[in-house]
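Start counting the sequence shown at 15; every next residue gets the next number (the working numbering). In this text, a Cβ means the ideal position worked out from N, Cα and C, and glycines have one as well. Quick caveat: nothing in here was measured; it's all calculated off a predicted structure.
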Amino acid sequence: MNIVKILLLICAESETQISRQFINAAIDAKIADQVVATSFDKLEESVHTSEGIEQILVFPALIALPDAMRENLLQRIASLQNENPQIRILLTSPLGGDPRLFDMIQDRMAAALKSTQNTPILTIETSDTSRTLDFENFATLPDQVADISKLIPDRQGQGVWVREVLDHTPNADAIFYADADRFSATVDLALVREQGLLIYGLEGHPLPASYGGPLRLIIPGHDDRCANVKGVARVEIVLK
Numbered sequence: 015m016n017i018v019k020i021l022l023l024i025c026a027e028s029e030t031q032i033s034r035q036f037i038n039a040a041i042d043a044k045i046a047d048q049v050v051a052t053s054f055d056k057l058e059e060s061v062h063t064s065e066g067i068e069q070i071l072v073f074p075a076l077i078a079l080p081d082a083m084r085e086n087l088l089q090r091i092a093s094l095q096n097e098n099p100q101i102r103i104l105l106t107s108p109l110g111g112d113p114r115l116f117d118m119i120q121d122r123m124a125a126a127l128k129s130t131q132n133t134p135i136l137t138i139e140t141s142d143t144s145r146t147l148d149f150e151n152f153a154t155l156p157d158q159v160a161d162i163s164k165l166i167p168d169r170q171g172q173g174v175w176v177r178e179v180l181d182h183t184p185n186a187d188a189i190f191y192a193d194a195d196r197f198s199a200t201v202d203l204a205l206v207r208e209q210g211l212l213i214y215g216l217e218g219h220p221l222p223a224s225y226g227g228p229l230r231l232i233i234p235g236h237d238d239r240c241a242n243v244k245g246v247a248r249v250e251i252v253l254k
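Below is the structure:
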C-alpha cells in the first residue's frame with residue numbers, strides 16, 4: 015500500500031507568530047510527515063522548496079480567515095497547483111468557532127484561575143512564627159459568610175470571620191498591612207477577632223483589587239479608618 019507523504023504548512027502573518035513549541039507539538043502528534051511554519055508571504059517559496067511530498071495542506075493559524083484573504087489564498091494555491099500538478103495542494107479551514115477550541119480555552123482559563131487560587135494572599139506573622147494562606151485555604155475555613163451583602167448591604171463578596179484566621183493571643187494588637195506595606199492599621203486583637211470580617215472572594219474567585227483584594231478587612235458598626243482596610247496582604251500580631 016502506498017503511503018501519501020503530507021506536508022502541513024502552518025501559516026501566519028509572520029513566522030515569529032508561530033511558536034516553536036506549537037510546531038514541536040504538531041510534529042510530536044505526527045499529524046503530517048513534515049510540519050513547517052511559514053508566513054503567508056512565503057507560501058510559494060515553502061511549496062517550491064518542499065521535497066518528496068505528495069500532498070500539502072495549508073493551515074491558516076488564525077481564529078478567523080477574512081473573505082478577501084481566503085480568496086487570495088485560494089487563487090495562489092490554484093496557481094501553485096498548476097505549477098506543481100504532481101502535488102495536491104489544499105487550504106484548510108482556520109480554527110474558527112470550533113467548539114473544541116472553546117473547550118481548550120476553558121481549560122486554560124481554569125488553569126489560570128487555579129494558579130491564582132494557590133497564590134498566597136495573606137501572611138500572618140508573630141514574634142516567632144510566620145504562615146501564609148491562599149484562596150483555597152480561606153474557602154475551606156469554617157464559619158463562612160457566603161454573601162457579605164446580607165450583613166453589610168453596600169459590600170459584595172465571600173468572607174470569613176477574623177477569629178477563624180487569627181489565633182487568640184492575650185493582650186495583643188493586630189497590625190493589618192496593605193498597599194505593599196505603605197499603609198497599616200492597628201486594631202485590638204480581641205476586638206477584631208470578635209467582630210472583624212475578611213472578605214476574600216467574589217463569585218467563587220479571588221477578590222479583585224478593584225473590590226479591595228486580595229483581602230478587605232471590615233469591622234461592622236465601626237466607622238474609623240481601621241474598620242475598613244482594602245488590600246490587606248499581611249498581618250502582624252504584636253504584644254501590647
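- A direct Cα-to-Cα measurement between residue 42 and residue 212 gives close to 48 angstroms.
- With 16 or more other Cβ atoms from the protein chains shown falling within 10 Å of its own Cβ, residue 74 counts as buried.
- Residue 50 sits away from residue 87, with the two beta carbons spaced by 8 angstroms or more.
- The C-alpha of residue 221 lies about 52 angstroms from the C-alpha of residue 91.
- For the beta strand (DSSP E) assignment, the uninterrupted runs of no fewer than 3 residues enclosed by the region 153-209 are, from N- to C-terminal side, 172-175, 186-192, 197-202.
- A contact is defined here as three or more CB-CB pairs under 8 angstroms, and the region 135-152 meets this definition with respect to the region 247-254.
- With contacts defined as CB atoms closer than 8 angstroms, residue 103 and residue 94 qualify as a contacting pair.
- Around the beta carbon of residue 18, fewer than 16 other beta carbons lie within 10 angstroms, which makes this residue exposed.
- Under DSSP, residue 61 shares a beta bridge with no residue.
- For residue 36, the enclosing alpha helix (DSSP H) stretches over residues 34-42.
- In the structure shown, the three-state DSSP call for residue 88 is helix.
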